[in-house]
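What follows is a single structure, written as structure tokens, with notes after it.
Residue numbers (this note's numbering): 1335 to 1624.
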């Protein structure tokens, strides 16, 4: 992301430009977050989940207790990101005991494109999930040629995963939305992966910060986005609890059905209090109408 865009997103007063990215000024955000008078659609309770990277600190000391508290808040699903010494089978038993369902696991690019893929697929099946998610690409691949190679590798891995009833997804960061040598890197992945084999877990925060618009993506690349990372942006461009920042989620989700969204997974990269953040974000999403 170039310096101009970074500074632009870090300026809360740039309301017009922010709106083009699915971002509003803080005052406008409050209006959107509280205006439910004519909004009827809602996120189904079974679609509100927690990406467990948010909860990594409490998970490290009490994995089952953390899951229990998430279930008590109301979360239905989780995305696994780090096992903290537990096997896939052990985590599945804890999930079953707390009536949570794992829908995906993040697995390194080198594993998905290497000899570790069969075990990764088996682990996701053991967890009860549907998607093997690559969280990022190696830094050395940050070029049109690198993304074309990634697309090729994703298609190959997707064919293998499909034999087990799973699908490979890619999770984005802001740099994935850059234009390099006149080409959109994210656009390369969208265009050069087979929709039957490869999908996308769209992190709406990083998409907005990278200058993209989830509303547009959901329409132009229909049914490619079965899962979202729902993460809010503070006025200074940092992280915030969902519903407490400047991202306009009702506008973003307006075309989510076209995008094929089935899971809205909450994420906060650096919560001061993970459980308070989880509660705040769940309350917002469960009450949201769009």
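By construction, the Cβ of each residue, glycine as well, lies at the ideal position given by its N, Cα and C atoms. Please read all numbers here as calculations on a predicted model, not as lab measurements.
Residue 1615: buried (16+ other C-beta within 10 angstroms of its C-beta) or exposed?
buried
Is the segment 1452-1463 in contact with the segment 1477-1485, if contact means three or more CB pairs nearer than 8 Å?
no
At the level of alpha carbons, what is the spacing between residue 1497 and residue 1570?
45 Å
Is residue 1435 helix, strand or coil by DSSP?
Reduced to three states, the DSSP call for residue 1435 is strand.
Which residues in the same chain as residue 1448 place their Cβ atom closer than 7 Å to its Cβ, once the five residues preceding and following it in sequence are excluded?
none
Contact under 8 Å by Cβ, residue 1377 with residue 1622
yes
For residue 1414 versus residue 1436, is the C-beta distance shorter than 8 Å?
yes
Which runs of the alpha helix (DSSP H), 4 residues or longer, sit entirely within the segment 1498-1562?
1519-1526, 1538-1543, 1548-1554
Check whether the Cβ atoms of residue 1450 and residue 1410 lie closer than 8 Å to each other.
no
Opposing strand residues paired with residue 1573 [DSSP bridges]
1567
Run through the DSSP bridge pairs and tell me what residue 1384 is partnered with.
1412, 1600
With distances taken Cα to Cα, identify the nearest neighbour of residue 1567 among 1576, 1467, 1617.
1576
Do you know how far the Cα of residue 1502 is from the Cα of residue 1421?
21 Å
Would you mind stating whether residue 1562 and residue 1540 have Cβ atoms separated by less than 8 Å?
no
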